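Novice:
Chains as they are written, first to last, in the working numbering: chain V, 15 to 429; chain Y, 3 to 99.
1. Going by DSSP in three states, residue 339 (chain V) sits in which element: helix, strand or coil?
2. Scan the stretch 368–383 of chain V for residues whose Cβ lies nearer than 9 Å to a Cβ of chain Y and list them as they occur along the chain.
3. Below 7 Å CB to CB, which residues in the same chain sit around residue 430 (chain V) once its five sequence neighbours on both sides are set aside?
4. Comparing the C-beta of residue 54 (chain V) with each C-beta of chain Y, is any distance below 9 Å?
5. Using a Cβ cut-off of 9 Å (strictly closer), state whether residue 60 (chain V) contacts chain Y.
6. Report the three-state DSSP secondary structure of residue 440 (chain V) (helix, strand or coil).
7. Just mark residue 6 (chain V) as buried or exposed, buried being the case when its beta carbon has 16 or more other beta carbons within 10 Å.
8. Tell me which residue opens and which closes the alpha helix (DSSP H) that residue 13 (chain Y) is part of.
9. When you compare only the Cα positions, how much space is there between residue 145 (chain V) and residue 257 (chain V)?
10. Quick one, which of V:65, V:241, V:421 has its alpha-carbon nearest residue 290 (chain V)'s?
11. Mark residue 55 (chain V) as exposed unless 16 or more other C-beta atoms lie within 10 angstroms of its C-beta, in which case mark it buried.
12. Leaving out five residues before and five after residue 413 (chain V) in sequence, what residues of the same chain have Cβ atoms less than 7 Å from its Cβ?
13. In the DSSP assignment, find the unbroken alpha helix (DSSP H) run with residue 34 (chain V) in it and report its ends.
14. Use the C-beta contact count for residue 91 (chain V): other C-beta atoms within 10 angstroms, 16 or more gives buried, fewer gives exposed.
15. Kindly provide the ranges of any beta strand (DSSP E) runs that are 3 or more residues long and lie completely inside the stretch 222–296 of chain V, ordered along the chain.
16. Which residues in the same chain have their Cβ closer than 8 Å to the Cβ of residue 194 (chain V), if we skip the five residues on either side of it in sequence?
17. Tell me whether the stretch 40–50 of chain Y and the stretch 94–102 of chain V touch, counting them as touching only if at least three CB pairs, one residue from each stretch, are closer than 8 Å.
18. Starting from residue 64 (chain Y), follow the beta strand (DSSP E) in both directions and report where the run begins and ends.
19. Considering only the alpha carbon of each residue, which of V:138, V:160, V:59, V:103 lies closest to residue 128 (chain V)?
20. In terms of alpha-carbon separation, which member of V:71, V:188, V:249, V:181 lies closest to residue 217 (chain V)?
21. Can you check whether the CB of residue 226 (chain V) is closer than 9 Å to the CB of residue 112 (chain V)?
22. Give the secondary structure of residue 410 (chain V) by DSSP, where H, G and I count as helix, E and B as strand, and everything else as coil.
23. Could you say which of V:224, V:229, V:363, V:331 lies nearest to residue 118 (chain V) if we only look at CA atoms?
24. What does a CB cutoff of less than 7 Å around residue 375 (chain V) pick up in its chain, not counting 5 residues either side in sequence?
25. Straight-line CA distance for residue 102 (chain V) to residue 163 (chain V)?
26. Starting from residue 37 (chain V), trace the alpha helix (DSSP H) both ways and give me its first and last residue.
27. Which residue spans inside the stretch 130–194 of chain V form an unbroken alpha helix (DSSP H) run of at least 4?
28. Quick check on DSSP: helix, strand or coil for residue 112 (chain V)?
29. Would you identify the three-state DSSP class for residue 53 (chain Y), choosing helix, strand or coil?
30. Compare the C-beta of residue 75 (chain Y) with all C-beta atoms of chain V and state if any pair is closer than 9 Å.
31. Compute the Euclidean distance between the alpha carbons of residue 74 (chain V) and residue 186 (chain V), then round it to the nearest angstrom.
32. I'd like to know if the stretch 316–330 of chain V and the stretch 360–374 of chain V are in contact, where contact means that at least 3 CB-CB pairs between them fall below 8 Å.
33. Starting from the Cα of residue 249 (chain V), find the closest Cα among V:130, V:416, V:43 and give me that residue.
34. Closer than 9 Å, CB to CB, is residue 62 (chain Y) near chain V or not?
35. Check whether the Cβ atoms of residue 175 (chain V) and residue 125 (chain V) sit closer than 9 Å, and answer yes or no.
36. Just verifying my parser: in three-state terms, what is the DSSP assignment at residue 202 (chain V)?
What follows is the structure in structure tokens.
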């Protein structure tokens, strides 16, 4: 048998090893017994060799090796290398015996709540974004969600990194809520109230929180940087995903579009605007897998209502087959932006189901228009716009003598 | 480490502390790792089915867990020995003065 002081220290070392090791509960007890048996035998051998008891205890513990390293090796044995180098580093294996301060509990709850919001936003975003953007959103959203759930568990296990992350997440939530309130008059943001209150309480009880995490295992700078990237990436991915370049989506260079205007002689005073368009390639799932219907593109004719106006109902026609692929007077999703333009009216706007188009085919739209009495057709001008989703729009201005200006590209109005 | 432990356990059934001591003795302390690192390695070998452990009671001391080679362990040890000899022979060809 060994003295109680030595026994307490040797058992303490075994406890530290097992606190660092993610080992199945069923095996923990036997493993503890095996490791403790080793330390005892080493201690006895040293004492038999003439080393005094206190020094033998120190030596047995030192020769056994660092608790962190052995714990990490055990984690790798039971959970795998990847798990050991990520979650195994961030999350101690056992819960502390000390009771958790109330504010730490609330900070953990806020992490779980924000994790839930991130998860819901990710599910929505992945369903409505184009493929590459959806993958980007999924990667950051899923990583941020998982990280916050792990942090909530790690905070219960008294880890400083989790406390710091809870503060950062609540600061982000508070700032986001504040921004929403400032940009939406009359809105009261729950984020501002909830996170603001938590941050105030955390600041007022910083001493208690500091004591709670004082025995925390340090994490490497690389892990801290990775955590920060994941959280910031998860926070801003909803805002930036839409603008992230996605090679699966068609670009302005893939669209070939021409417009021409014919005006009859001054006796009849009528004319036509003809637009030909062809896509080299089309977007792959531009609205994501969750958007199965809805209009995508728009073709718009703008004429000055004081001089002329389109009439009749013109359709977009597949030139080769004569099939109608788009009709006027249907409202595209971006119609609210079109309505803001006072020069537009029904017949001059065509909503195009993007999925009705095929790459490489020529489509044509011919508008007829009336010219008011007394207007000289030489003064007529018409604007033609092609809006492609929320990605870009092409514009030109034409007259009876031919194109006045070249096609130019603009970002969509209001974007 | 795994192959060395298989080699020692292949000599006779041993427990953790004994394995560390034998490793040190048979290698003239050339292999002298932190003692605790032997246990993750033993558990890994056990999970791979290469060794099996059994508890043995000891008078007035904590009981010991003895490890023995399984049939898979014997095969792994034989394969490991062959591969090690090939490696040593190849390295020796280059490094021999």
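Using N, Cα and C, we set each Cβ at its ideal position, and we do this for glycine too.
Everything numeric in this text was worked out from a predicted model, so none of it was measured.
Specialist: If we stick to the structure as given:
1. strand
2. none
3. An answer regarding residue 430 (chain V) cannot be provided, because it is not within the stretch 15 to 429 covered by chain V.
4. yes
5. no
6. Nothing about residue 440 (chain V) can be reported from this structure: the residues present for chain V run from 15 to 429 only.
7. An answer regarding residue 6 (chain V) cannot be provided, because it is not within the stretch 15 to 429 covered by chain V.
8. According to the DSSP assignment, residue 13 (chain Y) belongs to the alpha helix (DSSP H) that extends over 4–13.
9. 13 Å
10. The option with the nearest alpha carbon to residue 290 (chain V) is V:421.
11. buried
12. 275, 394, 395
13. 18–34
14. buried
15. 269–277, 285–293
16. 201, 203, 205
17. no
18. Where residue 64 (chain Y) is concerned, the enclosing beta strand (DSSP E) starts and stops at 63–71.
19. V:160
20. V:181
21. yes
22. Three-state result, residue 410 (chain V): strand.
23. V:224
24. For residue 375 (chain V), same chain residues with a beta-carbon under 7 Å away, outside a window of 5 residues either side, are 292, 332, 334 in chain order.
25. Rounded to whole angstroms, residue 102 (chain V) to residue 163 (chain V) spans 14 Å at the Cα level.
26. No alpha helix (DSSP H) contains residue 37 (chain V), which DSSP labels as neither H nor E.
27. 145–170
28. Correct three-state label for residue 112 (chain V): coil.
29. DSSP places residue 53 (chain Y) within a strand segment (E or B) once states are collapsed to three.
30. no
31. 48 Å
32. yes
33. V:130
34. yes
35. no
36. Coil, per DSSP.
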